[in-house]
Amino acid sequence: MILKKLYQSQQPHSVFLIDAFGASVSLTILLAILIPLQTFFGMPSEVLYHLAILAFLLFLYSSSCLLIKPKQWRAFLLVVVFGNLSYCLLSFYYLVTRWDSLTTLGELYFISEKFTILGIIVWEWKVYRSPN
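Adding 5 to a residue's 1-based position in the sequence shown gives its number in the working numbering.
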């Protein structure tokens with residue numbers, strides 16, 4: 006409910022909160038589910054660790070922006086947008102190059118993750134372009 010209100014408000018600094026939350030969810034899923042249960046998803050552990058490192062860096066960056074609340078927030082948000090896009094593209098690259106090793110569960114997870122992240126990127130871009 007709170008995240009929904011923040012999402013709808015399009016307040017510049019709420020974007021950093023939502024992004025930090027999303028990165029922490031990705032990191033938690035990677036570390037607590039995908040890596041320990043790697044055989045059920047089929048993505049090699051080394052790939053999952055690479056994605057976890059990037060998710061952690063995105064979490065740190067967005068959390069820092071949330072705490073600092075920079076006046077020139079658009080420049081910082083642009084870094085978030087490109088960071089998320091980089092994560093999405095890297096994950097998509099691994100999805101394509103490791104497709105043969107993925108299980109159906111792995112395919113479903115990584116495809117749905119791409120749509121989720123792309124939706125967040127579109128919203129962040131709208132906030133970036135807003136007149137606020």
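For every residue, glycine included, the Cβ atom is placed at its ideal position computed from N, Cα and C. In this text, all values refer to a predicted model and were calculated from it rather than measured experimentally.
{"query": "Per-residue DSSP class, three states only, for R103", "result": "coil"}
{"query": "Distance, Y133 Cα to P17 Cα", "result": "8 Å"}
{"query": "8 Å Cβ cutoff met for I125 and G47", "result": "no"}
{"query": "8 Å Cβ cutoff met for L59 and I40", "result": "no"}
{"query": "Nearest to V84 (by Cα), restricted to the options S29, L94 and C70", "result": "C70"}
{"query": "Buried versus exposed call for D105 [16 or more other C-beta atoms within 10 Å across all chains shown]", "result": "exposed"}
{"query": "Rounded distance between the beta-carbons of A57 and L36, thought under 8 Å", "result": "6 Å"}
{"query": "Same chain, Cβ closer than 7 Å to E141, neighbours up to 5 away in sequence not counted", "result": "What the structure shows of the chain is the stretch from 6 to 137, and residue 141 is not part of that stretch, so it cannot be assessed."}
{"query": "7 Å Cβ shell around V86 - same chain, five flanking residues per side excluded", "result": "I126, E129, W130 and Y133"}
{"query": "CB of F45 within 8 Å of CB of T108, strictly", "result": "yes"}
{"query": "Cβ-Cβ separation, F61 to L32 (assumed contact under 8 Å), whole Å", "result": "6 Å"}
{"query": "Assigned exposure category for F120 - 16 Cβ within 10 Å defines buried", "result": "exposed"}
{"query": "For G47, the three-state DSSP class (helix, strand or coil)", "result": "coil"}
{"query": "Neighbourhood of L100 by C-beta, 6 Å cutoff - its chain only, sequence neighbours within 5 removed", "result": "F115"}
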